[in-house]
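Line order of the protein sequences matches chains P and E.
Just so you know, the working numbering puts 165 at position 184 of the first sequence, and the rest follows in order with no gaps.
Just so you know, the working numbering puts 128 at position 147 of the second sequence, and the rest follows in order with no gaps.
For every residue, glycine included, the Cβ atom is placed at its ideal position computed from N, Cα and C.
Predicted model, so just to flag it, every value in this text is computed and none were measured.
Single-structure report; data block below.
2 protein chains.
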Amino acid sequence: MSTSEPHDRYHHGDLRRALVEAALELLLEGGTEALGMRELARRGGVSAAAPYRHFRDKQALIQAVAAAGFALFLEAIDKAKADVPAEEQFGAMAEAYVQFALRYPRLYRLMFSSELGKFEDKELRRAADAAYESLAVAAARQDPEAPGEAAISAWAFVHGLSMLLLDEQLLGVSAANAEPLIRKLTRRQARRFGNPRSA
Amino acid sequence: MSTSEPHDRYHHGDLRRALVEAALELLLEGGTEALGMRELARRGGVSAAAPYRHFRDKQALIQAVAAAGFALFLEAIDKAKADVPAEEQFGAMAEAYVQFALRYPRLYRLMFSSELGKFEDKELRRAADAAYESLAVAAARQDPEAPGEAAISAWAFVHGLSMLLLDEQLLGVSAANAEPLIRKLTRRQARRFGNPRSA
DNA sequence: TCCCGCATGTGAGCAATGTCAACATCTGAG
DNA sequence: CTCAGATGTTGACATTGCTCACATGCGGGA
């Protein structure tokens, strides 16, 4: 919503960025269906073929959006762990993780959706790995005796919890009143998987 | 692959079922992108407009496919818990759960994908709830003191683990060699969340 | 300063898709 | 036997992703 003045000159100046921004907006408003090359071009005030100077196909555009999403995501969980003592970092991050999913459900889903081709696009892969890594580090600290397993388990837990909440699959729990539940569950997970001696 | 003889008579006989079956095949082979109304009609040996006698739109068709998916899914996890003593049921189901996701990645993803409209389609909702319920029951038994929380946690765990494996986000672990890891992690989860007195 | 190459944007056009309305055909209930 | 409703067909429309040939203009070397 920040840079959306329709351009007048022939060359846009920074179309690529403008397209990704517009795509992000479009996605947040209308879901994956609403995200189309032509509509994007329209929003950029540019012809239908122009985007193809910056993205090989629709998939490439979507990968860029997903990468941007992971950047936002990383920022969110890193901010959450910043002002918190080490032992509580995992809990804080888990909370931030789930809240991100609830705040941007369509973006979150896109980031983990089917034929993204996350294995081919290098930039996307790096963005995703960075976010994963940050969480994994905090999770591993929860159980120094088996850090690898702890990381995977914790990570799976937050991811799965997010999905369940998005599906409104938890009876009587919706995005609105999810916060207490999130807090309780992440604490529970942290406690159970925490170093036994410190419990 | 079973009922795919091209029909000859004017009325197909059981087009609806044929369409869902074809859609399932198409999905398993080619992903969501390959799943189109017209292609479906072609496979059914029927005109492009015919499917609209059975499904309001593409979304309705997809919901039906997802519902079929949940049925398959329920069958898989129920079979897993059948021949196993009660205390080991959760572990067995968790394993089956993850293996289903790995065996039918595209179907699994569709079942949990974005704009499915799981909240509107009654049949889909019932199918999904049935599967969820079955797992939740076994999970709740793991911790009689807090069955609700235990169910959600366990459930989130398997779901998240599945997604991570599908993303090949776990370094060095791919669908091929995932089995030992799955077993180890589900056992670990069961142990940690199991009744403390029986540990 | 001029000029020209290359990145960037345009326009028309193609094949394919989702969906609809008007018409055809079959089938089962009365 | 008949005829109403369910099911299938034909043809059309708007829209989409994408490509190709051409237009434009910015920036660096003469």
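query                                                                                                                              : result
Integer Cβ distance of Leu21(P) from Pro32(P), believed to fall under 8 Å                                                          : 6 Å
For Asn176(P), the three-state DSSP class (helix, strand or coil)                                                                  : The predicted position of Asn176(P) is uncertain, since its pLDDT is 45 and thus under 50; a value taken from the coordinates is nonetheless stated next. In this structure, Asn176(P) counts as coil in the three-state DSSP scheme.
For Gln44(P) and Lys103(P), the rounded distance between their alpha carbons                                                       : 10 Å
Contacts that Gln170(E) makes with chain P (C-beta to C-beta distance below 8 Å)                                                   : Ser134
Beta-carbon proximity of Gly50(P) to Leu88(P), cut-off 9 Å                                                                         : yes
Which listed residue (Gly12(P), Glu14(P), Gly11(P), Gly25(P)) has its alpha carbon closest to that of Val1(P)                      : Gly25(P)
Reduced DSSP secondary structure (H/G/I, E/B, other) of Val65(P)                                                                   : coil
Spatial distance of Ala127(P) from Glu10(E) (CA atoms)                                                                             : 38 Å
Identity of the residue in Arg168(E), Gly12(E), Ala61(E), Arg172(E) nearest Val262(E) by Cα                                        : What is shown of chain E runs -18 to 180, which leaves residue 262(E) out entirely.
Secondary structure of Gln123(E), DSSP reduced to three states                                                                     : coil
CB contact check: Phe51(E) to chain P, cutoff 9 Å                                                                                  : no
Three-state class that DSSP yields for Glu182(P) in the structure shown                                                            : As displayed, chain P neither begins before -18 nor continues past 180, which places residue 182(P) out of reach and without an answer.
Phe138(P): contacting residues in chain E (beta-carbon distance under 8 Å)                                                         : Ser134, Ala137, Phe138, Gly141
Inter-residue spacing [alpha-carbon to alpha-carbon] between Val154(E) and Leu146(E)                                               : 7 Å
9 Å Cβ cutoff, Arg164(E) in contact with chain P                                                                                   : no
Partner residues on chain P for Glu130(E), Cβ-Cβ distance less than 8 Å                                                            : Lys165, Leu166, Arg169
Neighbourhood of Leu166(P) by C-beta distance below 6 Å, restricted to the same chain and skipping five residues each side         : none
Inter-residue CB distance, Ala61(E) and Ala52(E) (contact presumed, cutoff 8 Å)                                                    : Incorrect: roughly 15 Å between the Cβ atoms, too far for contact.
For Leu8(E), three-class secondary structure by DSSP                                                                               : helix
Touching by the beta-carbon criterion (3+ pairs, under 8 Å), the stretch 67 to 86 of chain P and the stretch 113 to 121 of chain E : no
Closer than 9 Å to chain E by CB, Glu160(P)                                                                                        : no
Neighbour flag for Gly72(P) against chain E, beta carbons, 9 Å                                                                     : no
Proximal residues of chain E, C-beta to C-beta of Phe100(P) below 8 Å                                                              : Glu149
Contacts that Leu145(E) makes with chain P (C-beta to C-beta distance below 8 Å)                                                   : Ile133, Trp136, Ala137, His140
Sequence-distant residues of the same chain with beta carbon closer than 7 Å to Leu162(E), five excluded per side                  : Val154
Proximity winner among Gln40(P), Ala41(P), Ala75(P), Leu42(P), relative to Ala57(P) (alpha-carbon distances)                       : Ala75(P)
DSSP-derived helix/strand/coil call for Gly50(E)                                                                                   : helix
Straight-line gap, Ser134(P) to Asp(-5)(P) (C-alpha atoms, nearest Å)                                                              : 42 Å
Assigned exposure category for Phe100(P) - 16 Cβ within 10 Å defines buried                                                        : exposed
Of the residues Phe54(E), Pro66(E), Arg107(E), the one placed nearest Tyr85(E), counting alpha carbons only                        : Phe54(E)
Within-9 Å CB hit, Ala191(P) to chain E                                                                                            : Nothing can be reported for residue 191(P), as the shown portion of chain P is limited to -18 through 180.
Contact belief for Phe138(E) with Gly141(P) at Cβ below 8 Å, rounded distance in angstroms                                         : 6 Å
Local Cβ density within 10 Å of Arg169(E), reported as buried at 16 or more and exposed below that                                 : buried
Residue from Val65(E), Tyr78(E), Asp110(E) whose Cα sits closest to the Cα of Glu160(E)                                            : Tyr78(E)
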